[in-house]
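Here's the structure, in structure tokens; my notes come after.
2 protein chains.
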Amino acid sequence: MVELRRDPVVERWITIPRERAASIEGLFPGKQEVSRGACPFCPTAMHEREIYSIKDDQGRWSVLVVPDLRPILEMEGTLERRAKGIYDGMSGVGAHEIVIETREHNQSWATMAADQLGLVLRAYRDRSSQLRGDKRFRAIFMAKNYGGMASRFSHPHSHVLALPIVPRTLVEEVQGSEDYFQYKERCVWCDVKEQELAKSERTVALTDRFLVHTPYASRYPFELNVMPFRHVADFASSTDEEIADLGGCLRTTFEIVKNRLHDPSYSMIIHSVPLRNASEHSYHWHIEIRPQLTSLAGFEWGTGFFTNPIPPEVAAQHLRG
Amino acid sequence: MVELRRDPVVERWITIPRERAASIEGLFPGKQEVSRGACPFCPTAMHEREIYSIKDDQGRWSVLVVPDLRPILEMEGTLERRAKGIYDGMSGVGAHEIVIETREHNQSWATMAADQLGLVLRAYRDRSSQLRGDKRFRAIFMAKNYGGMASRFSHPHSHVLALPIVPRTLVEEVQGSEDYFQYKERCVWCDVKEQELAKSERTVALTDRFLVHTPYASRYPFELNVMPFRHVADFASSTDEEIADLGGCLRTTFEIVKNRLHDPSYSMIIHSVPLRNASEHSYHWHIEIRPQLTSLAGFEWGTGFFTNPIPPEVAAQHLRG
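Chains as they are written, first to last, in the working numbering: chain V, 3 to 323; chain B, 3 to 323.
Laid out in structure tokens, this is it:
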């Protein structure tokens, strides 16, 4: 049983995966679980529970989506809400899927063909569309962790997550962009795009349909934001042309990241409007990328106030080379 | 010059310390700056710019507060607000001080005498009271990073920070506890305390004046919360009796953390009501402690949704031994 719990003070949810509760001793340095033996994502592995695939000419999968074997949320079950005194909880219902991005073990988004990356994005879009139909879910994320600091597995893969709550970061983005719209009758992300294109001091890459830039208020050194030109709230509404263009755009971006930043570990997430939310006019889907360069803890976790040692204009200049 | 920048969408501030901007190459693995030579916090080091001290019988400092040599905010200057197109910025005015907690290099909060820890807390309270008088500041934090994963220096020390903005985490706590008060006419933290004392399944330590427990919605394995019994919004209003009791309470807590969790790196922060804020009735100061055990990135940074592999009830039981 997986359990969702809400903080009694702030709008913050956590999940406790009870049945696969970690061993306490396994948490300590030098005792972390290391994946051994054959790669579970290579074509030779068993993939009995296919959820979705894109096939090649020979009928073999090129991109394969399977359930995560250790999901942080469970697909089966109804959404039950419960109180424990003053505390609020919920059953941990949700989807947690793995996208196996290619048959080739030794690839990454910096080396993969742009077309293959386009297929991965098409899988994201299709799974996202399909999961949106499930009335239990309120937010869908596609996320990728790359490199030894971020992921236990090296075969190219990413995650699709459908949550029964709207998590805090998305609540705040929806609220912030709605406030801006009420005040200005414009989308804040569209305004950001216009201002960035006009000055381009923070621009890292540009295609016909996408802008890649280091945000004005970057939290982390070399943080990147990828934004479609077209105002669209939901990633699942991307056109075929946008998906193809984005494949090339991300291929270029991650090649730059690899070459200019010594192939760092990174995390990537796609932010899309919450399901059945009335903010289509004010929200604008986008991708956030965080290279993992700084390891020392700061005050960020306890305050939400970030210290970034590299100004984003300097970061963009370095990335442009 | 230090610059503060606000995210255009969400209420999130970052600071860019321009003059001590990090070298880009220094960010990469194996190239991080390591502190060399003599410890800058030992009594033999130069401490010319004393801000505050508590002296022993022989007139030597027992606890010493000095400016941070690489402050994330600058004490001098006026608070200037400026727009850059749609973006909002501010001059990076604030206080960043180092509390040198003892003359002895090889101590920690797990080994230090409770009385000495009480002196550290008295220094926190006194500096906090003094900084509250500065009209430029809106929030004050005391924070400690311990261990190789969290800090570059091993001599016992901590930070005092005064910020010209209320950072996001505190904004949310103030709003959340005010909402609860409006609804129930009670302090949410007092209600948490009552419920935890009644069940005690998450209790780790208890004194006459403080409760230490693993929060119901813990974000991290073995996260801890220290809360005063008395309803008081501002840490600076702590009585001498509370400060002395808290010294013993934290000594016990960190001895448990060291012994039961293999002396982990950790971060600690004191959350207190923002300055000149009218939420004295609904806010309740407290301490948050995060042992750094899990190193893999999750979805937390991109969603604000946390996966905690260890239920807090299991964590509390393990800590109680």
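Every residue, glycine too, gets a C-beta built ideally from N, C-alpha and C.
C-alpha distance - residue i paired with residue j, whole-angstrom precision
i	j	result
I140 of chain V	E175 of chain V	Looking at the sequence provided, one finds Arg at residue 140 of chain V rather than Ile. Those two C-alpha atoms are separated by around 15 Å.
Y268 of chain B	L208 of chain B	21 Å
W111 of chain B	L123 of chain B	12 Å
Q132 of chain B	P293 of chain B	30 Å
L277 of chain B	R134 of chain B	7 Å
I312 of chain B	G300 of chain B	15 Å
M229 of chain V	F212 of chain V	6 Å
I102 of chain V	V68 of chain V	8 Å
L75 of chain B	I16 of chain B	11 Å
M48 of chain B	A40 of chain B	11 Å
H264 of chain V	F30 of chain B	7 Å
I272 of chain B	G94 of chain V	31 Å
F225 of chain B	T216 of chain B	According to the sequence shown, residue 225 of chain B is Glu rather than Phe. Cα to Cα, E225 of chain B sits roughly 6 Å from T216 of chain B.
Y218 of chain B	Q60 of chain B	47 Å
E203 of chain V	V316 of chain V	9 Å
Q197 of chain B	I88 of chain V	8 Å
W303 of chain B	D181 of chain B	26 Å
E99 of chain V	D9 of chain B	31 Å
E13 of chain B	E50 of chain B	38 Å
Contacts around residue i, its chain only, beta-carbon distance under 7 Å, and the 5 residues preceding and following it disregarded
i	result
D58 of chain V	S64
R83 of chain B	M92
G150 of chain B	S267
D247 of chain V	T209, D210, R211, F212
C-beta neighbour in chain B for residue i, strict 8 Å
i	result
R84 of chain V	no
G120 of chain V	no
I142 of chain V	no
T254 of chain V	no
A219 of chain V	yes
D210 of chain V	no
T80 of chain V	no
I100 of chain V	no
V206 of chain V	no
P69 of chain V	no
Q197 of chain V	yes
G96 of chain V	no
Residue-chain proximity (residue i, chain V), Cβ-Cβ < 8 Å
i	result
V162 of chain B	no
N310 of chain B	yes
D9 of chain B	yes
Y1 of chain B	Lying before the first or after the last residue shown, residue 1 of chain B is absent from chain B, which here runs from 3 to 323.
V214 of chain B	no
W15 of chain B	yes
H264 of chain B	yes
Residue i versus the options, residue with shortest Cα-Cα distance
i	options	result
E243 of chain B	B:D117, B:M144, B:Q177	B:D117
H159 of chain V	V:I26, V:M114, V:C251, V:H286	V:M114
N227 of chain V	V:A318, V:R8, V:F43	V:A318
V259 of chain B	B:R51, B:L295, B:R105	B:L295
P19 of chain B	B:N279, B:L121, B:E5	B:E5
P169 of chain B	B:I100, B:S274, B:M3, B:N310	B:S274
S2 of chain V	B:I26, B:P223, B:I289, B:H157	As displayed, chain V neither begins before 3 nor continues past 323, which places residue 2 of chain V out of reach and without an answer.
E52 of chain B	B:Q60, B:D70, B:G39	B:D70
C251 of chain V	V:A164, V:V206, V:Y126	V:V206
F155 of chain B	B:Y182, B:Q109, B:L172, B:L199	B:Q109
T171 of chain B	B:I88, B:G306, B:R188	B:G306
I245 of chain B	B:S281, B:V162, B:Y126	B:Y126
E78 of chain B	B:S284, B:D128, B:P166	B:P166
M3 of chain V	V:L66, V:G96, V:Y54	V:G96
S284 of chain B	B:E187, B:N310, B:D247, B:S239	B:E187
L121 of chain V	V:L163, V:Y54, V:A280	V:Y54
F143 of chain B	B:T309, B:W191, B:E257, B:H288	B:H288
L232 of chain B	B:H286, B:P314, B:P42	The displayed chain sequence assigns Arg, not Leu, to residue 232 of chain B. Looking at the Cα atoms, B:H286 is the closest of the given residues.
Cβ-based burial, residue i [other Cβ within 10 Å; buried from 16]
i	result
K137 of chain V	exposed
D210 of chain V	exposed
S179 of chain V	buried
Y185 of chain V	exposed
T80 of chain V	exposed
K201 of chain V	exposed
K195 of chain V	buried
A85 of chain V	exposed
G255 of chain B	Note on residue identity: the sequence assigns Thr, not Gly, to residue 255 of chain B. Classification for T255 of chain B: buried.
Contact set for residue i: own chain, Cβ-Cβ below 6 Å, skip 5 residues either direction
i	result
M270 of chain V	K146, I291
R253 of chain V	A116, L119
Residues near residue i by beta carbon distance below 8 Å, same chain, minus five either side
i	result
R262 of chain V	H320, L321, G323
R62 of chain V	P45, R105
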